[in-house]
């Protein structure tokens, strides 16, 4: 929680000033007072947040607000076999409708103030709610899309993807988590047979950016690429191989698409003249290595700047 001067952000900035920072840092601010999310707690906490001036935002920046819509699964339909029915949002409210209204109010105010918003949303109802909130905020206060994004987005539908593409809402999943959760997630989501259909989302115009959700999962981005193109979980089962990604698009998730999410695509994310030289040298060619061994490709070196 970086809602005051004792948070981590000033320390990253001090490391940069002293020349001790060896990786670029983009922080999402979670401003909710005491971690309790409501409109009042989020806005009051944000107003109390103290950030550095940021000498060079190519190295350290904090331009995005982090929210949680659900912490487990807020599903479209009530499931009799799920504990506590279909789950709830973490926002206040006795009913789904009251919670949705509170979410819309908070997102609209943050959007109005010029913040990009990234929201943890796993279940279908959470995803539907956040897409609707982002869309209505942009319609009420139009301008250059701030690239709000959905974190995880496990229970996305193709209809969701079409709406996200239209309003330039980004999908930010953790492909590496698919290694672990794909097998059992299909039992508790409403569109389980199409879980993690990232290739089709991209085909429909959605920017899909790959993350790790570390330290819940490994930092190894090659493992995420491997799952995306094989659909094989760590348990050895293959989940809907017809939804596998093209390897070039899988790599784009971890490179240029991440830069686009951070509004940094003119600075980094691809190897081009005029951009910073941020890249990794792999021991093997990722495009010709056996698909089932991509996650084990060693890194020879990492270059930054």
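Numbering (the working numbering), first residue to last: 440 to 744.
Where a beta carbon is used, it is the ideal one built from N, C-alpha and C, also for glycine.
Please work out which residues of its chain come closer than 7 Å, Cβ to Cβ, to residue i, disregarding the five sequence neighbours upstream and downstream, and give them in chain order.
i           : result
residue 526 : 509, 511, 512, 513, 514, 562
residue 733 : 661, 664, 665, 725
residue 602 : 570, 574
If the criterion is Cβ atoms closer than 9 Å, does the pair residue i and residue j meet it?
i           : j           : result
residue 615 : residue 573 : no
residue 678 : residue 617 : yes
residue 577 : residue 606 : yes
residue 472 : residue 483 : yes
residue 560 : residue 547 : no
residue 613 : residue 650 : yes
residue 590 : residue 570 : no
residue 586 : residue 702 : yes
What's the gap between the Cα of residue i and the Cα of residue j?
i           : j           : result
residue 738 : residue 680 : 27 Å
residue 507 : residue 474 : 10 Å
residue 670 : residue 449 : 40 Å
residue 504 : residue 488 : 11 Å
residue 642 : residue 592 : 17 Å
residue 657 : residue 594 : 22 Å
residue 485 : residue 711 : 37 Å
residue 542 : residue 717 : 37 Å
residue 535 : residue 466 : 30 Å
residue 713 : residue 530 : 44 Å
residue 501 : residue 468 : 7 Å
residue 600 : residue 682 : 15 Å
residue 630 : residue 584 : With a pLDDT of only 47 at residue 630, under 50, the local geometry of the prediction cannot be trusted, and the value read off the model is given with reservation. Straight-line Cα distance between these residues: approximately 29 Å.
residue 566 : residue 544 : 16 Å
residue 491 : residue 497 : 14 Å
residue 464 : residue 499 : 5 Å
residue 693 : residue 581 : 29 Å
residue 611 : residue 689 : 13 Å
residue 730 : residue 668 : 7 Å
residue 596 : residue 458 : 45 Å
residue 495 : residue 451 : 12 Å
residue 647 : residue 696 : 6 Å
residue 446 : residue 707 : 27 Å
residue 604 : residue 528 : 24 Å
residue 540 : residue 476 : 13 Å
residue 493 : residue 453 : 10 Å
With a CB to CB cut of under 8 Å and the five nearest residues on each side skipped, what residues in its chain are close to residue i?
i           : result
residue 407 : Any question about residue 407 goes unanswered here, given that the chain covers just 440 to 744.
4-residue-minimum alpha helix (DSSP H) runs that sit fully inside the stretch 476–539, ordered along the chain: 478–487
Pick out the complete beta strand (DSSP E) segments inside the stretch 542–567, 3 residues or longer, and give them in chain order. 555–560
For the stretch 447–474, which segments carrying the alpha helix (DSSP H) assignment without a break, of at least 4 residues, lie completely within its bounds, in sequence order? 448–456
Sequence ranges, beta strand (DSSP E) only - wholly within the stretch 602–690, length at least 3: 609–611
Could you tell me which whole alpha helix (DSSP H) segments of length 4 or greater appear in the stretch 562–600? 563–579
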